[in-house]
Ligand SMILES: [Mn+2]
Ligand SMILES: [Mn+2]
Ligand SMILES: [Mn+2]
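Protein chains in written order, with our numbering: chain A, 1 to 312; chain B, 1001 to 1312; chain C, 2001 to 2312.
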């Protein structure tokens, strides 16, 4: 159950989103880190509109989330999207950072963790992103595990994603999701996707064939009430749209070596590696990244519509 | 505090259990994975009845838990026990799987994690099992840690068990229980038991001498309300009823080697290893496994009676 | 939001604390492990009074917390402080131990974990201590991670500390705080302090310049309501008051070797190492330990006043 919404000096819900929630229309939360730190300008502005269109094509209302001058925005207008896409002072805010940045009246883009938490706060139950954060390679020594996992373990939002990026420890991430009791559903697949790749080489514990079945899991879990965990709906790129596997494996190897050489760590890893991918894949990684986000937004729209219908 | 119970198309509480809960009579939750995947047929049917009798001998009402055709059953009749013991389509359901299987109208047996969560949902505060899941050997690389631990950290149920199986990382499991703030009580022992063995070689932080004292911990924790963690009540086999230590150590070594050879992993480890034990111990491991479950059910019955009395 | 307080046979709130809370005056929780197990007698008695005076100098009311004969005391009188400082039967109680010790009618001192949980129970939002528990060196093999971290992840209390002791894995502790979504603020510093040292060599994610800004984070997080995590306010010793770095590094190396030689583990590590520091630093470590606790108590008092003012 969502908390009562904080007062408007702290959280503003866009009018269309507010009306959709009140009317029981499906709403899909969208993160803003991909806009501020995941894609180059001006691609990010174009893609922001395409993602929202994909949600609408699925039948739901999009709600992109960001913090602007200390105020959480659930749903952005065109001017606010432009600002997220261009302002160099937009920080990257995990859920622990949102309250700090709000108190200090700063602006920032939201990650999977913070978008999930803020979506739940606003009563939104479906969220589309590219890939989840996870267990980093070498985490058994560094303890570097994304806050996304713990937030999913305690936030009842369904996240549509294309798995986790292959630069992470995918097996360790899946084990941690099991340890944290977060269900993982493959959408029309038995294989957990690997972001740029359709198949990470690991199985999913459950498979669903329709948006209605994914929604049924959300609604049934809500009704059961055993816990407040979210649900991961893993939606792979079609095999003929994934990044060429040979190119992919070469870029991963080179990117990891680069990070090591440059001593890049923590928050800076994903943007730096994405930059490397974008610079050296001849546009393939950017193409796949955008395609998978759009496919996830579309599917999330369909699931949100079904969740709303099954709840009514 | 238990949630309000979901509607009967999702959760059915057996009449005797419902009446006991309403009347403030002690109730003990029982898991069904031991029946469906832990013991061979037809031993499992016999043992199911013996476990319920042991709870009754302790003075309480048993509530074996399972999912049948998408409906959670809190307390099983003879026909439902028979089905759990023989149906080859009974899945093994951790807590994250229950809502998915319910949505998809499937059937399954419950683990420590899911039994704890469903017991709490139904207002049952004491649960008897054989052994806890824990930290797996090699988990620092694989991140393979049972969901049982995290669920215990957030579910106020007392679990009576004979420690964790010696195939796990017992020291790591105890450290993780400490990290997760789950209290561990030894019942008339200072040693954490090792399932088939009375003493795992590790100490327990607290020792209680009576069922009344164990119950007092449950009731005091509830009244204090600092957190929603469960309590582990570790009940060792008497020294003269444990598996011969030399036989035990040989079977562990052989079983682990077998798993490695066969590439067995995750959910399949415990049933496969139990099978190996049962096949190669000349009946000793099965004998001990059944004895410890019966002893735990008996003790859980006594604790449940005391919890009910101290709450009234 | 604090739970309703348990009845007085279980929790007693000192009159001055109760009145301060009712009147919206700032209150600072204080742990008692430093008194019972962190400082030698009779220094601990003197320091107990100095810490309370430092909280008052900041403008707030101190509430030292301990368990006496099974009753939680929120705020101690002089006689109770004397008992905590001298009774050899005072146990060290993490949050999982409090309910057990209360049920068994025992006495004990509270750690960061248990003090945080009990402060929250009583409606106290600011807590001063010396250093946090954290990830122990070698924890990737031993799984030895302090319960302090998990409790902070689910208990909305601001903890003023001087970082974590340099005997721990400081980098791993900071990563774990990130994974658990616990915000960390440096007070007028970009460097996470290392207890005896002003700078552990690691950065903090956020910096605040005033007690009012730290309080604003607490109040804003409460209003946002995304989660129930606490906040770490890291307050370094001034550079000219830290322990000489060369002496410090030598004592760490020697102390760790000693623990290894003596096979000291778990709960006994910190008191034993502190003892070694106190015995071999010519009074320097004790001097620094006391100074940093007093500085933290003073700052906590100021933050508590601001939290009260901003909440009114
Ligand atoms: Mn990280
Ligand atoms: Mn596992
Ligand atoms: Mn420890």
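Here a beta-carbon is modelled for each residue, glycine too, at the ideal position from N, C-alpha and C.
Note that this is a predicted model, so its numbers are computed, not measured.
Beta carbon of residue i nearer than 7 Å to that of residue j
i: residue 2252 (chain C); j: residue 2166 (chain C); result: yes
i: residue 1116 (chain B); j: residue 1155 (chain B); result: yes
i: residue 59 (chain A); j: residue 305 (chain A); result: yes
i: residue 2218 (chain C); j: residue 2292 (chain C); result: no
i: residue 1081 (chain B); j: residue 1290 (chain B); result: no
i: residue 2108 (chain C); j: residue 2093 (chain C); result: yes
i: residue 1065 (chain B); j: residue 1110 (chain B); result: yes
i: residue 2027 (chain C); j: residue 2021 (chain C); result: yes
i: residue 2135 (chain C); j: residue 2172 (chain C); result: yes
i: residue 1286 (chain B); j: residue 1280 (chain B); result: no
i: residue 175 (chain A); j: residue 1144 (chain B); result: yes
i: residue 163 (chain A); j: residue 34 (chain A); result: no
i: residue 1200 (chain B); j: residue 1243 (chain B); result: no
i: residue 2276 (chain C); j: residue 2255 (chain C); result: yes
i: residue 233 (chain A); j: residue 195 (chain A); result: no
i: residue 1295 (chain B); j: residue 1128 (chain B); result: no
i: residue 213 (chain A); j: residue 203 (chain A); result: no
i: residue 67 (chain A); j: residue 119 (chain A); result: no
i: residue 1140 (chain B); j: residue 2284 (chain C); result: no
i: residue 1077 (chain B); j: residue 1274 (chain B); result: no
Closer than 6 Å: residue i CB and nearest ligand 1 heavy atom
i: residue 43 (chain A); result: no
i: residue 148 (chain A); result: no
i: residue 89 (chain A); result: no
i: residue 268 (chain A); result: no
Distance between beta carbons of residue j and residue i, contact taken as under 8 Å
i: residue 1183 (chain B); j: residue 1231 (chain B); result: 5 Å
i: residue 1121 (chain B); j: residue 1005 (chain B); result: 7 Å
i: residue 2241 (chain C); j: residue 2288 (chain C); result: 7 Å
i: residue 310 (chain A); j: residue 216 (chain A); result: 6 Å
i: residue 2016 (chain C); j: residue 2061 (chain C); result: 6 Å
i: residue 1123 (chain B); j: residue 1308 (chain B); result: Not confirmed; about 11 Å, so no contact.
i: residue 150 (chain A); j: residue 2179 (chain C); result: 6 Å
i: residue 2349 (chain C); j: residue 2168 (chain C); result: This structure cannot settle anything about residue 2349 (chain C), because the visible part of chain C is limited to 2001 through 2312.
i: residue 339 (chain A); j: residue 2224 (chain C); result: For chain A, the structure presents residues 1 to 312; residue 339 (chain A) sits outside this window and is missing.
i: residue 1161 (chain B); j: residue 1235 (chain B); result: 7 Å
Heavy atom of ligand 3 within 6 Å of residue i beta-carbon
i: residue 222 (chain A); result: no
i: residue 2097 (chain C); result: no
i: residue 2144 (chain C); result: yes
Under 8 Å by beta carbon: chain F residues contacting residue i
i: residue 28 (chain A); result: Looking at the structure shown, chain F is missing, and the protein chains on hand are A, B and C.
**Asked** If you measure beta-carbon to beta-carbon, which residues of the segment 1143-1154 of chain B are closer than 9 Å to chain A?
**Response** 1143, 1144, 1145, 1146, 1147, 1149, 1150, 1151 and 1154
**Prompt:** In chain order, what residues of the segment 2126-2137 of chain C put their CB closer than 8 Å to some CB of chain A?
**Reply:** 2135
**Short-range partners of chain B found in the segment 2093-2106 of chain C, where Cβ spacing is below 8 Å** = 2094, 2095, 2096, 2097, 2098, 2099, 2100, 2102, 2103 and 2104
**Request:** Give the residues from the segment 165-181 of chain A that approach chain B closer than 9 Å (Cβ to any Cβ), ordered along the chain.
**Result:** 169, 171, 172, 173, 174, 175, 176, 177, 178, 179, 180 and 181
**Request:** Give the residues from the segment 2181-2199 of chain C that approach chain A closer than 9 Å (Cβ to any Cβ), ordered along the chain.
**Result:** 2181, 2182, 2183, 2184 and 2185
**Residues of the segment 224-253 of chain A whose Cβ lies closer than 7 Å to any Cβ of chain B, in chain order** = 224, 225, 226, 227 and 229
**Request:** Name, going along the chain, the residues of the segment 2200-2211 of chain C whose beta-carbon falls closer than 9 Å to a beta-carbon of chain A.
**Result:** 2205, 2206 and 2208
**Asked** In the segment 1029-1054 of chain B, which residues sit with their C-beta less than 9 Å from some C-beta in chain A, listed in chain order?
**Response** none
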